[in-house]
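Trainee: Chains G and X are the protein sequences, given in the same order.
Per my numbering, residue 23 is the first one in the first sequence, and the count goes up by one each step.
Per my numbering, residue 19 is the first one in the second sequence, and the count goes up by one each step.
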Amino acid sequence: MDIVLVLEQALNGLQLGVMLFLMAAGLTLVFGIMNLVNLAHGSFYMVGAYLATYFYQLTGSFTFGALLGLAGTLAVGIVVELVALRTLYERDHLDQVLATFGLILFFNELMAILWGRAAIYATLPDYLSGHVELFAGVRYPLYRLVIIAVGLAVAGLLWFVVARTRLGMLIRAGASNRTMVAALGVNIRLLYTLVFGAGAALAGLAGLMSGPIHVVQPGMGELILIEVFVVIVIGGIGSIRGALAGALIVGMVDTLGRAFVRPMLATVLSPSAADTAGPALASMLIYLLMAVVLALRPQGLFPARS
Amino acid sequence: MNSRTRAIVLATGLAVLAAVPPVAGLLNQPFYLDLVRRIMIFAIAALSLNLILGYGGMISFGHAAYLGIGAYAVGVLAHYGIDNGFLQWALAIGASALVALVIGAVSIRTSGVYFIMITLAFTQMLYYLGISVEEFGGDDGMRLAAKSQFGLIDLNDGNAFYYLVLAVLVLFLFLGHRLVNSRFGMVIRAARSNEARTRSIGFSPYPYRLAAFVIAGAMCGLAGALLVNHTAYLTPEFMNWTRSGELMFMVILGGTASIAGPVLGAFALLLVEDALSGWTQHWQLILGPLLVLSVLFFRRGLAGLLFGKNE
């Protein structure tokens, strides 16, 4: 194992981590404030990726494509909240899970009708492709660095909004006592719609950034959604701090596991046994981690204060 | 509705199911035999899920895991040339119970939304395990080498297999009924409606819940063994999370308050799926909103509609 490879994989882990954080932040905010379990959060990830790819082809500009994709996802999120999810806030979690499961089927099929079932390969503009030399001999894809930077910037922005602004104050107040906030004259429904839309936009941002790395296809949202569940279960549901910690842990463990479990097993087992057990173990690693965390701390690492 | 009319409805339903093979044979439509058999297998799985979801209040979003375990138990033994059905099905039940014990032991420590997400995540883990084991076909799955052998009953005979599935369904309906009305079932239901009171009269819910979770897993494992014999093909898709979601929908559509509800739900969901998919390839575009509407406006389920309000 050479140090360059470890560094490269650690950066990949960080990149996956910030991506998971963008998803987890919206999901955990919506749960913390509206008490809503939203399985369709992965659909916003998919919608963001499709819209951005579509607008990029249409306008020829990656930046415009991304901005329009982001705005589009925000709009879709708000419409979904107004039409379907608003009535679900008072229902129990089971109803929420089932209704949002129905939404997933709808969105996956809608994307398949609009853009086909086949995977679409999103491309990068010239100024974002290529590698940069971090230091002598270590080259890393520029685009992945951009993702890490955007993700960390959004995390900082989110912290600022929630902790330092009037809007954030209302959000925190709404999380702890919605009746009281409404009684004080705040339009809590509007606040909910805004938070939901923002969460959807964050998921859309993650989706549109992932487009050029992975492929864009119907159902892409669910694969990451389940990893996001692991993230927020580990971090503690409803806590943004927990979402960040959980996302970075899961991103690192998953990426490093996939890269190094097999070679490490090969030092103890026979190569063929390592070839069989390695990938299986690597893909199960984050779930095992979740089980351990739950066994030790059932409320997650950073439970939300409420 | 009193228990007598209830029994009549139930008996009529069973008579209709028992009449399917001869009628399908007369009409020369083996497709319906196949369809109803598949639906009954899923009904068994949904019925087992209802024991923990409806009666126990444990919202497991990972029940498809046991379908997969049961199917792999049969498929893997057959792969190595062991086609004794008793052995295969015993392994299917035993392995599912064991996995349910492990998953349950961790998950039941938590509650609410954590429980939903954890059961989902564990099933996803098993799904990835199925995908990554190349020996058993990995992502693509593999053909079932031979159907389970039972001596007298030949599963290659469509009618015999059909009646075997029906018999298992009836047996599980009976067992489920006995279970939820036993002392054990009372504790499970009490813990769902009020955990604090259950504790204060001296029951610790955890072991009871775990036992119910294991029983439900084992029952679903048998459904998995039936399913793999039905499809004659083994794939990790049995454990796909959408499968778990469908099972939950069957339970909710049918109604959680009765043992037979999920059977109705399985028929309703799979028949609607079948009808829609025969009509357009984009059937999920219609099914999705239908499901949302059913959650929003159809809360008591089919059994509630049919049998009136019980419990």
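We put the CB at the ideal spot given by N, CA and C, even for glycine.
Are any of the Cβ atoms in chain X nearer than 8 Å to that of His115/G?
Mentor: The residue given as residue 115/G occupies position 93 in the first sequence. By this cut-off, His115/G is an interface position.
Trainee: Please tell me whether Leu167/G and Val176/G are closer than 8 Å, where the distance is taken between their beta carbons.
Mentor: In the first sequence, the residue the question calls residue 167/G occupies position 145. In the first sequence, the residue the question calls residue 176/G occupies position 154. No, Cβ-Cβ distance for Leu167/G and Val176/G is not below 8 Å.
Trainee: Between which two residues does the beta strand (DSSP E) holding Pro163/G run?
Mentor: Numbered from 1 along the first sequence, position 141 holds the residue referred to as residue 163/G. Note, Pro163/G: beta strand (DSSP E), 160-163.
Trainee: Between Thr399/X and chain G, is the shortest Cβ-Cβ distance under 8 Å, so that the two count as touching?
Mentor: Nothing about residue 399/X can be reported from this structure: the residues present for chain X run from 19 to 329 only.
Trainee: Touch check for the segment 23-32 of chain G and the segment 206-215 of chain G: three-plus C-beta pairs under 8 Å?
Mentor: No, they do not touch.
Trainee: Find the residues of chain G that neighbour His300/X, judging by a C-beta separation of less than 8 Å, and give them in chain order.
Mentor: The sequence position of residue 300/X within the second sequence is 282, counting from 1. Neighbours of His300/X on chain G, chain order: Glu131, Ala134, Ile135.
Trainee: Quick one: does Tyr224/X have its CB under 8 Å from some CB of chain G?
Mentor: Here the question's residue 224/X lines up with position 206 in the second sequence. No, Tyr224/X does not count as interfacial toward chain G.
Trainee: Looking at chain G, which residues of the segment 118-142 of chain X have a Cβ within less than 7 Å of any of its Cβ atoms?
Mentor: Cβ contacts with chain G: Val124, Arg127, Thr128, Gly130, Val131, Tyr132, Ile134, Met135, Ile136, Leu138, Ala139, Phe140, Gln142.
Trainee: Counting contacts by CB-CB distance shorter than 8 Å, is Thr95/G in contact with chain X?
Mentor: Indexing the first sequence from 1 puts residue 95/G at position 73. False, the Cβ-Cβ gap to chain X never drops below 8 Å.
Trainee: With 8 Å as the C-beta to C-beta threshold (strictly closer), list the residues of the segment 234-256 of chain G near chain X in chain order.
Mentor: Flagged, chain order: Glu244, Ile248, Phe251, Val252, Ile254, Val255.
Trainee: What residues from the segment 37-62 of chain X come within 7 Å of chain G, judged by C-beta to C-beta, listed N to C?
Mentor: Under the 7 Å Cβ criterion, the segment 37-62 of chain X contributes no residue.
Trainee: May I have a chain-ordered list of the alpha helix (DSSP H) segments no shorter than 4 residues that lie completely inside the segment 227-311 of chain G?
Mentor: For the segment 227-311 of chain G, whole alpha helix (DSSP H) runs of length 4 or above, ordered along the chain, are 242-257, 262-290.
Trainee: Using a Cβ cut-off of 7 Å, which residues of the segment 257-269 of chain X contact any Cβ in chain G, in chain order?
Mentor: Taking 7 Å as the Cβ-Cβ cut-off against chain G, the residues of the segment 257-269 of chain X that qualify are Trp259, Gly263, Met266, Phe267.
Trainee: With His97/X as the anchor, note down where its beta strand (DSSP E) starts and where it stops.
Mentor: Locating residue 97/X in the second sequence gives position 79, counting from the first residue. It is not in any beta strand (DSSP E) - His97/X instead sits in the alpha helix (DSSP H) that spans 82-97.
Trainee: Is Gln47/X buried or exposed, if buried means 16 or more other CB atoms sit within 10 Å of its CB?
Mentor: The residue you call residue 47/X lines up with position 29 of the second sequence. Per the 10 Å Cβ criterion, exposed.
Trainee: Given 8 Å as the limit, is there contact between the segment 108-115 of chain X and the segment 151-160 of chain X, that is, 3 or more CB pairs closer than that?
Mentor: No: the two stretches stay apart, fewer than three of their Cβ pairs being nearer than 8 Å.
Trainee: Hey, is the segment 55-75 of chain G in contact with the segment 231-240 of chain G, meaning 3+ C-beta pairs nearer than 8 Å?
Mentor: Contact holds: three or more Cβ-Cβ distances are below 8 Å.
Trainee: Identify, in the order they occur along the chain, each residue of the same chain with its Cβ nearer than 6 Å to the Cβ of Ala197/G, setting aside the five sequence neighbours on each side.
Mentor: Against the first sequence, residue 197/G aligns to sequence position 175. Gly54, Ile55, listed in sequence order.
Trainee: Pick from Ala269/G, Leu120/G, Ala228/G, Ala121/G: whose alpha carbon is nearest that of Leu36/G?
Mentor: Within the first sequence, numbered from 1, the residue matching residue 36/G stands at position 14. Taking only the C-alpha atoms, the option nearest Leu36/G is Ala269/G.
Trainee: Taking its Cβ as the centre, do 16 or more other Cβ atoms sit within 10 Å of Thr187/G, making it buried, or is it exposed?
Mentor: Along the first sequence, one-based indexing puts residue 187/G at 165. Flag for Thr187/G reads exposed.
Trainee: May I have the straight-line CA-CA distance separating Leu96/G from Asp24/G, to the nearest angstrom?
Mentor: The residue given as residue 96/G occupies position 74 in the first sequence. The residue given as residue 24/G occupies position 2 in the first sequence. Whole-angstrom Cα-Cα distance: 43 Å.
Trainee: Please confirm whether Val154/G has its beta-carbon closer than 8 Å to some beta-carbon of chain X.
Mentor: Locating residue 154/G in the first sequence gives position 132, counting from the first residue. So no, Val154/G is outside the interface.
Trainee: Helix, strand or coil for Gln142/X per DSSP?
Mentor: Counting from 1 along the second sequence, the entry for residue 142/X is found at position 124. In this structure, Gln142/X counts as helix in the three-state DSSP scheme.
Trainee: Within 8 Å of any Cβ in chain G, is that where the Cβ of Pro254/X sits?
Mentor: Here residue 254/X corresponds to residue number 236 of the second sequence, with the count starting at 1. Chain G contact via Cβ: absent.
Trainee: Under 8 Å Cβ to Cβ from Arg194/G, same chain only, skipping five residues before and after it: list those, please.
Mentor: Numbered from 1 along the first sequence, position 172 holds the residue referred to as residue 194/G. So the qualifying residues of the chain are Val184.
Trainee: Quick one: which chain G residues come within Cβ less than 7 Å of Leu305/X?
Mentor: On the second sequence, position 287 is the one that residue 305/X refers to. Result: Leu127.
Trainee: May I have the straight-line CA-CA distance separating Ala293/X from Gly152/G, to the nearest angstrom?
Mentor: Residue 293/X sits at position 275 when you count from the first residue of the second sequence. Residue 152/G sits at position 130 when you count from the first residue of the first sequence. One C-alpha to the other measures close to 51 Å.
Trainee: Based on Cα-Cα distance, which residue from Leu271/X, Gly273/X, Thr260/X lies nearest to Gln302/X?
Mentor: As a position in the second sequence, residue 302/X is number 284, starting the count at 1. When only C-alpha atoms are compared, the closest one is Thr260/X.
Trainee: For Glu155/G, name the three-state secondary structure that DSSP assigns.
Mentor: As a first step, residue 155/G is located in the first sequence; it is residue number 133 there, counting from the start. Of the three classes helix, strand and coil, the one that applies to Glu155/G here is strand, per DSSP.
Trainee: Using a Cβ-Cβ distance under 8 Å, would Val310/X count as near chain G?
Mentor: Numbered from 1 along the second sequence, position 292 holds the residue referred to as residue 310/X. So yes, Val310/X belongs to the interface.
Trainee: Report yes if the C-beta distance between Met266/X and Ala284/X is below 8 Å; otherwise report no.
Mentor: Here residue 266/X refers to the residue found at position 248 of the second sequence. Here residue 284/X refers to the residue found at position 266 of the second sequence. The answer is no: Cβ separation not under 8 Å.
Trainee: Does DSSP put Leu252/X in a helix, in a strand, or in coil?
Mentor: Translated into the one-based positions of the second sequence, residue 252/X becomes position 234. Three-state result, Leu252/X: strand.
Trainee: List the residues of chain X whose Cβ lies closer than 8 Å to the Cβ of Met312/G, in chain order.
Mentor: Start at 1 with the first residue of the first sequence, and residue 312/G comes out as number 290. Within chain X, the residues near Met312/G are Ile136, Ala139.
Trainee: DSSP three-state label for Phe324/G, please.
Mentor: Translated into the one-based positions of the first sequence, residue 324/G becomes position 302. Residue state, collapsed to three classes: coil.
Trainee: Following the continuous alpha helix (DSSP H) through Ile142/G, name the residue where it begins and the one where it ends.
Mentor: Taking the first residue of the first sequence as position 1, residue 142/G is located at position 120. That residue, Ile142/G, is in no alpha helix (DSSP H); it is neither H nor E in DSSP.
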